[in-house]
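These notes are about the structure you will find just below.
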Ligand code: G6P
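Numbering (the UniProt record's numbering), first residue to last: 1 to 609.
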C-alpha cells in the first residue's frame, strides 16, 4: 500500500506534496514524510501519525524547495516509527520513497552491508536508497543508477528518487504498483494516483510495468522494461476535485453511502446504453461469452461478498456453474481449471495484489478468458483482463467500501442476465423486466437511505456491545457477511455472519441477552425459514434487530425491533438491503468515536500480500 508523490517545479512544491499526501492517505496512514532539495542539503521531515502532523512539523521547520518527494505509509517491513517512515536517505545524497515490497531485500541488505552501508531502519525501502547510491557514487547518472538498482530488485515497487547534486532531476520507476507522471507547464509530477496532483494538472501518463521515468521541469523521458525509449499516451483525467472533497458531510463514508443512488444510476446508464448484450463487457465479449461453461469469481474483502451474491444470480439466471473464491487462497492451491470457465475478478481499486496474482495464476492454470469488474480506469487488473465492466461509482475514499460494492453488484447482475440471454434462458419479456427493476433501483436505495434516523436510534444500543451476530439466507447471506464486515472494520465490534439455517449448528451457543442479532429478512422465498430461525434466537433471550421490507409482515414485539424498507424489490433486494447495514455500521462507529474513514490497521488499497 502506501502512497507516493513527487514534484519538480519553479515554485515551492512542499504544499503540493502535502496536499497530495492527504489525498493519498487512503493508501496508508500510519506515518508520513517528505524530502526536498534545500540548498546544499536534502531536508526531510517525517512523523508517525497522520499527514496533518507531518504538515505541522514541516511548517515549523520552514521546509521549502522546488524538487521533492513525499510518502504516506502503511507499515509492512518494520514497525510504525519515525525511523521506518519514508523518505529513506542514503549518505545524505539519495532520497527514495517507495510503495510496494522488495522481496529480495534481505540478500540485498547483506550485500550492501558488506559494501559498508549501515542501515537505520528495518524497511525494505532503505535497500533501494543504498543501492541507488552505490551505483550513483560509482559514476552512473541518477537515471542509470535507478535503472541498475531496480533491475536487481525483485518484488513490487513504485519509487520516486532525488539526489543532492541533481536539482533538475526527478527519477521514478514502476513494477507491480501504480505510478503515473503528471505533466504541467514548466513543472512535472509523479503520484500513485491522479487525485494527488489534480490541483496542479490533469494531464497524466500511466507508467507500465518496468518503466523508468526521468523528469525535469521541461520534459519527461521514459524507457520501458527492455530499456528502450518509449512514448506513452497522455490522458486527460476526468476525476473532479469536488468528488474528492467532503462537502457538507462529516466523513467520506457517509458521503459515499449517500451517493449511492447517483453511483447506481450512473452505472445502470452503462447497462441501458448497451442492453444486456455482450458489448457491455467489451468488443471481444461477443466471441467469448457464448463459449463459456462456467464462471469462477476471484476477489478480496467486500468485493468477495459481491462475488458471493453474484453466484446466486449467475447460477439461477444464466444456468452456469459459478464458484467464488478468496483471491489470496486461490493463488496458493492446486486448483482445478476448466479453460472454458470465465475468470471474473472484482476489485474497486483494480490494484489489490492478491486479486491480481490470482488472475495471473488462473491464466497460468489454463483459464482462457478473464473479465474485470472494476471502479478505477486504467488500473492494473482491468488492463490484464480480456473483458471489463467499469462501475461508475466515482472516487471512493472511505477505507470501508460502500458505493463500490453496490455498483459492483449492478455489474455482476448485468453479467448474469447477459450470460443468461446468450444461452437462450432469458426471454425478451424477462429481459425487459430486469431492465425495469434496474431502473427502479436508485429510487429504492433512496428510500432505504431515508431510514437513517431509525437506524441511528438503533446504533446507540450496539455501541456498548462487544459482539454482534448477523443472519441472512440465500441472496441475503452475503449481505449479512458484508454487514458484519462493515461493523467490525469501522466500529471494532466483533461481528460474525451466518446463514440463518446454520445457527443451530454452533453460533446459537453464543446467543444471550448481550448478543444483538441482526437479521436481514426481506419477503423472499426463504422468509418463513428465517422467521423460524428468529424464534430460535428469541427463545434463548437474544435481542433481534430485523431489516425487513413492507411485505415481510413483521411486527415489533418485546426483544424484536424491526425496520422496513418500503417494498420488496425482487432479485435486486440484496442491493437495497446493503444500505441499512452500511448505515448501522457508520452510526455505531460514530457513537464509539472511532476514525470512520481511516480505521486502525487497515488501508483501502492493499498492494501487498
Ligand atoms: C481492502 C479494503 C476493502 C476492500 C478490499 C478489496 O481490504 O479495505 O474495503 O473491499 O481491500 O479491495 P478491492 O480494491 O480489490 O475491491
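The C-beta atom is built at its ideal place from N, Cα and C for all residues, glycine as well.
Next item on the list: Quick one: residues with CB closer than 6 Å to any heavy atom of the ligand G6P, in chain order, please.
Entry: 300, 301, 302, 303, 347, 348, 349, 352, 355, 399, 400, 401, 602, 604 and 606
Item checked: Nearest neighbour of residue 612, chosen from 289, 152, 346 and 184 [CA to CA] -> No answer is possible for residue 612: it lies beyond the span of the chain, which begins at 1 and ends at 609.
Next item on the list: Express the C-alpha separation of residue 331 and residue 362 in angstroms, rounding to a whole number.
Entry: 8 Å
Next item on the list: Return the Cβ separation of residue 155 and residue 101 in integer angstroms, given the expectation that the two are a contact with Cβ distance under 8 Å.
Entry: 5 Å
Margin query: Counting only beta-carbon separations shorter than 9 Å, does residue 264 have a partner in chain D?
Written below: Protein chains in the displayed structure number just one, and chain D is not present.
Next item on the list: Using the Cα positions of residue 570 and residue 602, report the straight-line distance between them to the nearest angstrom.
Entry: 35 Å
Notebook entry, point to check: Going straight from the alpha carbon of residue 443 to that of residue 479, what length do you get?
Noted result: 19 Å
Next item on the list: Closer than 8 Å by C-beta to residue 92: which residues in its own chain qualify, once you throw out the five before and the five after it? Chain order, please.
Entry: 41, 42 and 164
Margin query: Looking only at its chain, what residues have a beta carbon closer than 6 Å to the beta carbon of residue 615, apart from the 5 residues adjacent to it on each side?
Written below: Residue 615 is absent from the structure shown; the chain starts at 1 and stops at 609.
Next item on the list: Let me know the secondary structure DSSP gives residue 222 once reduced to three states.
Entry: strand
Checklist line | For residue 459, the nearest candidate out of 142, 7, 83 and 591 (CA to CA) | finding: 591
Notebook entry, point to check: What separation, rounded to the nearest whole angstrom, lies between the Cα atoms of residue 392 and residue 261?
Noted result: 11 Å
Check: Which partner residues of residue 347 appear in the DSSP bridge assignment?
Finding: 374
Check: According to DSSP, is residue 279 helix, strand or coil?
Finding: helix
Next item on the list: Can you grab the Cα-Cα spacing for the pair residue 281 / residue 388, in whole Å?
Entry: 5 Å
Margin query: With a threshold of 6 Å on Cβ separation, who are the neighbours of residue 112 within its own chain once the five nearest residues in sequence on each side are excluded?
Written below: 130
Checklist line | residue 611 classed as buried or exposed, judged by whether at least 16 other C-beta atoms fall within 10 angstroms | finding: Within the shown structure, residues of the chain are numbered from 1 to 609, placing residue 611 beyond reach of any answer.
Note to self: By the DSSP assignment, the beta strand (DSSP E) with residue 255 in it spans what residues?
What the structure shows: Careful: residue 255 lies outside any beta strand (DSSP E), inside the alpha helix (DSSP H) at 252-258.
Note to self: Taking the straight line between their C-alpha atoms, what separation do you get for residue 126 and residue 86?
What the structure shows: 9 Å
Check: Are residue 174 and residue 210 closer than 9 Å when you measure CB to CB?
Finding: yes
Check: What first and last residue would you give for the alpha helix (DSSP H) that runs through residue 333?
Finding: Segment: none, residue 333 is in no alpha helix (DSSP H) and carries neither H nor E.
Check: Quick one: Cα of residue 38 to Cα of residue 65, how far?
Finding: If I take the Cα positions, the gap works out to 5 Å.
Next item on the list: Give the DSSP-derived three-state secondary structure of residue 143 in the structure shown.
Entry: helix
Notebook entry, point to check: Can you tell me whether DSSP reads residue 568 as helix, strand or coil?
Noted result: coil
Item checked: Helix, strand or coil at residue 41 according to DSSP, with G and I counted as helix -> strand
Notebook entry, point to check: So which of 550, 514 and 513 has the shortest CA-CA distance to residue 520?
Noted result: Considering only alpha carbons, the answer is 550.
Note to self: Using only CA atoms, which one of 559, 477 and 98 lies nearest to residue 499?
What the structure shows: 477
Item checked: the segment 538-550 touching the segment 407-415, judged by at least three CB pairs closer than 8 Å -> no
Next item on the list: Identify the continuous alpha helix (DSSP H) that holds residue 99 and give its terminal residues.
Entry: Run containing residue 99: none in the alpha helix (DSSP H); it sits in the beta strand (DSSP E), 94-102.
Next item on the list: For residue 456, name the three-state secondary structure that DSSP assigns.
Entry: helix
Check: CA-CA distance, residue 73 and residue 158?
Finding: 13 Å
Checklist line | CB-CB length for residue 522 against residue 577, believed under 8 Å | finding: 6 Å
Check: Cα separation between residue 76 and residue 123?
Finding: 8 Å
Check: By Cβ distance, which residues of its chain are closer than 7 Å to residue 81, with the 5 residues on each side in sequence left out?
Finding: 48
Check: Of all the options 69, 345, 429 and 251, which has the alpha carbon lying nearest to the alpha carbon of residue 490?
Finding: 251
Next item on the list: Could you name each continuous beta strand (DSSP E) segment of 3 residues or more that falls completely within the segment 15-85, going from the start of the chain to the end?
Entry: 31-38, 41-48 and 67-73
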